[in-house]
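Each remark here refers to the structure printed beneath this line.
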Amino acid sequence: MTGNDIFVIARALHVLGVVVWIGGVAFVTTVLIPALRRMPDADKRMELFEKLEGRFSLQAKFVTLITGASGFYMVYAMGAWERFTKPQFWWMHAMVLVWAAFTLVLFVLEPLFLHRWFRDRAGKDPEGTFRLVQIMHVVLLSISLVAVAGAVAGVRGVYIFA
Ligand code: HEM
């Protein structure tokens, strides 16, 4: 296996990770949370959210690790660290920012306090809490999709916004 073969496998793993991860976020944001918000029974809504989001959170942890590892490997293999000093490579910053935000939430904030905070807040104000969760998902999904578009174009030498 040549170095180029390994690089191509890393790129394939990177794209597969993004498809499962950001695809899942898109489903949670545009289908799951809106459907949950229409459920009249707040307790059932909470139970279902925890069951489904909990299962996706496990998947998301796995694919964020794959996406991060393959991404940093590609930066290293390409010797592309200096891209982070150039504005036309904003999509490199966007990718790392999205990855860092999700990694922080999934591996640090959620286990430490976010999960308890969410339960307590949903107990007091279910509608307001699910509205807030939806807004947070819409913001994260929007930044992620801009990063995807910027990266696909940037890889092929088309620097959007630059
Ligand atoms: C630690 C985080 C990440 C690093 C270090 C990273 C790094 C990279 C690198 C070096 C490339 C190849 C660039 C080139 O060929 O010029 C790439 C491609 C790409 N990345 Fe990331 N990435 C990361 C996270 C993400 C995330 C979070 C997303 C999605 C939101 C993403 C989406 C993409 C896409 C769509 C491509 C283009 C693939 C292609 O068209 O061949 N990456 N990434």
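To convert, note that position 13 of the sequence shown is 16 in this note's numbering; the numbers rise steadily by one, no gaps.
Just so you know, even glycine gets a beta-carbon here, dropped at the ideal spot from N, CA and C.
{"query": "Go through the stretch 94-163 residue by residue and report every complete run of the alpha helix (DSSP H) that reaches 4 residues or more, in order.", "result": "118-127 and 129-158"}
{"query": "Reducing DSSP to helix, strand and coil, say where residue 41 ends up.", "result": "coil"}
{"query": "Please say whether residue 70 and residue 118 have beta carbons closer to each other than 7 angstroms?", "result": "no"}
{"query": "Using 6 angstroms as the cut-off, classify the Cβ of residue 160 as near or not near the heavy atoms of the ligand HEM, replying yes or no.", "result": "no"}
{"query": "Rounded to a whole number of angstroms, what is the C-alpha to C-alpha distance between residue 132 and residue 15?", "result": "37 angstroms"}
{"query": "At the level of alpha carbons, what is the spacing between residue 10 and residue 122?", "result": "43 angstroms"}
{"query": "Excluding the 5 residues preceding and the 5 following residue 95 in the sequence, name in chain order all residues of the same chain whose CB lies nearer than 7 angstroms to its CB.", "result": "86 and 87"}
{"query": "Three-state secondary structure (DSSP) at residue 13?", "result": "helix"}
{"query": "Please decide whether residue 107 counts as near chain D, where near means a Cβ-Cβ distance under 7 angstroms.", "result": "Absent from the structure: chain D. Only one protein chain is present."}
{"query": "Does the distance from the C-beta atom of residue 52 to that of residue 27 stay below 7 angstroms?", "result": "no"}
{"query": "Look at the alpha carbon of residue 136 and the alpha carbon of residue 89, and state the distance between them as a whole number of angstroms.", "result": "34 angstroms"}
{"query": "With burial defined as no fewer than 16 other Cβ atoms inside 10 Å of the residue's Cβ, what is the status of residue 101: buried or exposed?", "result": "buried"}
{"query": "What's the C-alpha gap between residue 78 and residue 84?", "result": "6 angstroms"}
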